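Chemist:
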Amino acid sequence: MIDLHTHILYDLDDGALTLEESLEMARIAVADGIRTVAATPHSPASIASRHYSPNLIVQRLDQLCAALQSEGIDLTVVAGTEIAYDGDIVEQLRRGDLLTYGSSRAILLELSSNRMPPTLENALFNLQVAGYRIVLAHPERIVEVQQDPNLLIPLVERGVCMQITAIALLGGQGRQLQQVCETLLTHQMIHILASDTHGPSSQRPPTLNAAREYAATLVGPAQAESLVTTMPLALLNNQPLQLPQPKNVRG
Ligand SMILES: [Fe+2]
0 MIDLHTHILY DLDDGALTLE ESLEMARIAV ADGIRTVAAT PHSPASIASR
50 HYSPNLIVQR LDQLCAALQS EGIDLTVVAG TEIAYDGDIV EQLRRGDLLT
100 YGSSRAILLE LSSNRMPPTL ENALFNLQVA GYRIVLAHPE RIVEVQQDPN
150 LLIPLVERGV CMQITAIALL GGQGRQLQQV CETLLTHQMI HILASDTHGP
200 SSQRPPTLNA AREYAATLVG PAQAESLVTT MPLALLNNQP LQLPQPKNVR
250 G
């Protein structure tokens, strides 16, 4: 499995605090069946960001990969960023101030305050025109989506991938968030399942297997598997994606 949303690099944000914590997260992920994780520290526009620069992330990544190797932990880690939505993301990406996933053109985007800004569609369109592929982080938390899940349909139709949080689907963040996750999933609006883990013993553990199994009871094993294998791999490898047509949620 591939986990596209983790805070595994230490002392950059509210994720891992030390290299030892990063390694512990890696051990738990590997034991769960995860083979690749993307390290997605918060971008500077997020209040959770402590230190951010592409050079620093590459340094921490190299340090973690060397430690994984010397500890014999078989986990591939690629760089990324959880980009907090703000005005000029295209410019920041172009300047190299923000990182895409690995060497791909895919980015992880989160909305500040879990609200849908009126400028969102336009901003997503500008990113797509500039050649970026977008993964929207935890849409289940967006207040407007909780009230009307159909708001995601035009975004999915335009090729924006949606990522729900594994523990939210399992009910670990409350029944309301779980229900939103279930609705989005069964209406074909979700493409990626990721842990959004912030630490080895955090409320968001670095695991995907239980959520994949739960998703299988809702959408069948093949689709559940694609959320943690085919879809994330296609994004990392810049391969074309065929997103299924989302279904309208009837009020
Ligand atoms: Fe996150």
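The sequence shown runs 0 to 250 under numbering that gives the first Met the number 0.
For each residue, glycine too, the CB sits at the ideal point set by N, CA and C.
Quick caveat, the model's predicted, so the values are computed rather than measured.
#1: Run the Cβ filter for me: residues under 5 Å from any heavy atom of ligand 1, listed in the order they occur in the chain.
#2: To test your reading of the DSSP string, which unbroken beta strand (DSSP E) runs of 3 or more residues are found completely within the segment 142–226?
#3: Count the other CB atoms, across all protein chains shown, that sit within 10 Å of the CB of Glu19; report buried if there are 16 or more and exposed otherwise.
#4: If Asn113 sits next to Arg140, beta carbons under 8 Å apart, how far is it from one beta carbon to the other, in whole angstroms?
#5: Can you tell me the Cβ-Cβ gap for Thr39 and Thr80, rounded? I've got them flagged as a contact below 8 Å.
#6: Mapping the DSSP letters down to three states, classify Asp12 as helix, strand or coil.
#7: Enumerate in chain order the residues of its own chain whose CB-to-CB distance from Leu60 is below 7 Å, with the five nearest sequence positions on each side excluded.
#8: Among Asn236, Ala193, Val248, Ile152, whose alpha-carbon lies nearest the alpha-carbon of Leu242?
#9: Is it buried or exposed, Ala129, if we count other Cβ atoms within 10 angstroms and call 16 or more buried?
#10: How long is the line joining the alpha carbons of His50 and Gly250, rounded to whole angstroms?
#11: Could you compute how far the alpha carbon of Val144 sits from the alpha carbon of His137?
Modeler: On the basis of the data shown:
#1: Glu81, Asp195
#2: 160–164, 191–193
#3: exposed
#4: 5 Å
#5: 6 Å
#6: coil
#7: Leu8, Ala38, Val76, Ala78
#8: Ile152
#9: exposed
#10: 43 Å
#11: 11 Å
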